[in-house]
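Input: a single structure, listed below in structure tokens.
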Amino acid sequence: ATTSESGSPRALTDSFAVSSGDDAHACSSSADGKSDDASRNPDVAAIEPSWLDELTVEERRKLKSKLELESLDSHSIRPELKYLADFPDWLDELFREFDDDVIKAFQKHTEHPVYAVSWFFSALTSIESALWMPFVLFSLGYDSAATVMTNVLLVLSLISQVPKRFLWRPRPWMLRRAKGVRKDPTSSFPSRGVTCAVVFPVMILFALEQELAREFSLLLYVFAVLLTVTFTTFARINVGAHYPSDVLGGLVLGTVVLTVSFMTLRLWSVLGCMSSAVRYPVASGFQLRRETFWALVSAKQLLACTLISFMVALVSGISPIRFWLKNNYVYGLLLSSLTFRFVFVCPSCSPSGVGLSAVASPSFWVHAKTILTGGLMIAVSFALKPKRRGVPEWAVNAQRLLKFLLMYCATLVVMVHSRLTLSSV
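What follows is the structure, encoded as structure tokens:
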């Protein structure tokens, strides 16, 4: 027999829960904090922890908004998704003492000054914090850096979502093994924040190397990764969002992401447009400008890339896979950047060998305006959540796809417009 005191993820699987919104977890309750099964079965109600009842009205509102749900389910902690495995109990028990001791030490101080630091590094190493970078860099003409970031962020987004979607581990605050300073409702393992803390410094430094045509020392790479990983590890454990063993998983996953990213970057060399020396057409007749854009650009190539991007977003959002529902900004921002790179900044892939020209370094005000535009795109994408009340599932999926197309087309148009404007200056 299992009880809620055991703290085991599987033991509490049928005791209480919150569905995971960005992983498209289903909610089966009829009202907040009340489930049909709990009302029918007094034994279930007797062992049900009161974590959901302890949430404030504002915390409930935020959780429902993030999960895109009308109500929160307090009866089943495990999301109702196909192809979802539970985190192994034996592995949880193996790390239990280590996890609990570290959590206790890291949560000695959770008051405002410490929480502010934890919040800052949690936000800094969230995957959403970097999605604007390729869009802004391509718009400003920093194509080498933008290429690196587009590639790395796409690999990071896809690989890091695999365990989040197909492996379920309740967060420590859900099992009362930690104080719920920050009540993230998604699966705990691995720590995507730590994964990003490994990937982001390497991505940024390597992108600068490619753009500036210089090399940084290995010591700088190591220092940058250690710094971000250290602070992020403390932050994620301090707020009760992760176990220390999740951090170990995040370190491994970050290494895998970087390995795959650098392997796939070689594809641009295979296509013949990695280096700037062969990327930009020399002959002015092959440069895309405002007056020649529609005459020279390959509409078929652009349409094909858009269709492929749409299919990726479609397959990711529909049942039974439901891989990731953040397609309006994750896919919308990154796949548009990939399309821009392939269609407009890779002459060797163009049927007629055309492409955008290199641009001189833009002014400070152009930089500021473009960065603000990137921030606006992120803000708009966050606001684009589908309406679910009384709406069938196919209509909700249709809303997501329309919003993906909106973000995809808007960012693509802005990038092309910015580059054509800079080319004509």
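Under the working numbering, the first residue of the sequence shown is numbered 594, with each subsequent residue one higher. For each residue, glycine too, the CB sits at the ideal point set by N, CA and C. Computed from a predicted structure; not experimentally measured.
- Residue pairing by DSSP places Asp694 opposite no residue, since no beta bridge is assigned to it.
- Between Ser810 and Leu927, the CB-CB gap reaches or exceeds 8 Å.
- Assigned with DSSP and collapsed to three states, Trp917 falls in coil, not helix or strand.
- One alpha carbon belongs to Leu820, the other to Leu896, and they sit about 43 Å apart.
- Comparing alpha carbon positions, the residue from Ser950, Thr848, Tyr1001 closest to Val748 is Thr848.
- In the DSSP assignment, Asp679 is bridged to Trp761.
- Val908 has its alpha-carbon roughly 32 Å from the corresponding atom of Pro765.
- For Leu931, the uninterrupted alpha helix (DSSP H) run begins and ends at 925 to 937, by DSSP.
- Measuring C-alpha to C-alpha distances from Phe816 to each of Asn831, Asp839, Val791 identifies Val791 as the nearest.
- Gly983 carries a coil assignment under DSSP once its states are collapsed to helix, strand and coil.
- By the criterion of at least three beta-carbon pairs nearer than 8 Å, the stretch 797 to 809 is not in contact with the stretch 672 to 690.
- Under the Cβ criterion (8 Å, minimum of three pairs), the stretch 941 to 951 does not count as touching the stretch 988 to 1006.
- For Leu994, the closest alpha carbon among the candidates Tyr924, Ser784, Ser862 is that of Tyr924.
- Counting C-beta pairs closer than 8 Å gives three or more between the stretch 770 to 777 and the stretch 703 to 713, which meets the contact rule.
- A distance below 6 Å between beta-carbons, with the five flanking residues on each side excluded, links Trp725 to the following residues of its chain, in chain order: Gly967, Ile971.
- In the DSSP assignment, Lys893 falls within the alpha helix (DSSP H) that extends over 892 to 910.
- By the Cβ rule, the stretch 841 to 859 does not count as touching the stretch 721 to 739, because fewer than three pairs are nearer than 8 Å.
- Cβ neighbours of Ser954 within its own chain (closer than 6 Å, five residues either side excluded): none.
- Here Gly948 carries a strand assignment [DSSP, helix/strand/coil].
- A distance below 8 Å separates the beta carbons of Gln700 and Ala771.
- Thr743 is positioned such that its CB atom lies closer than 8 Å to that of Ser930.
- When DSSP reads this structure, Gln880 sits in a beta bridge with Gly948.
- The beta carbons of Ser1016 and Arg859 sit about 29 Å from each other, so the pair does not count as a contact at 8 Å.
- A direct Cα-Cα distance of roughly 25 Å separates Leu674 from Ser974.
- Per the C-alpha coordinates, the member of Ser784, Ser780, Ser854 positioned closest to Val822 is Ser784.
- Our two residues, Ser780 and Leu746, have alpha carbons roughly 21 Å apart in a direct line.
- The three-state secondary structure of Cys866, taken from DSSP, is coil.
- With a minimum length of 4 residues, the unbroken runs of alpha helix (DSSP H) contained wholly in the stretch 733 to 786 fall at 736 to 759.
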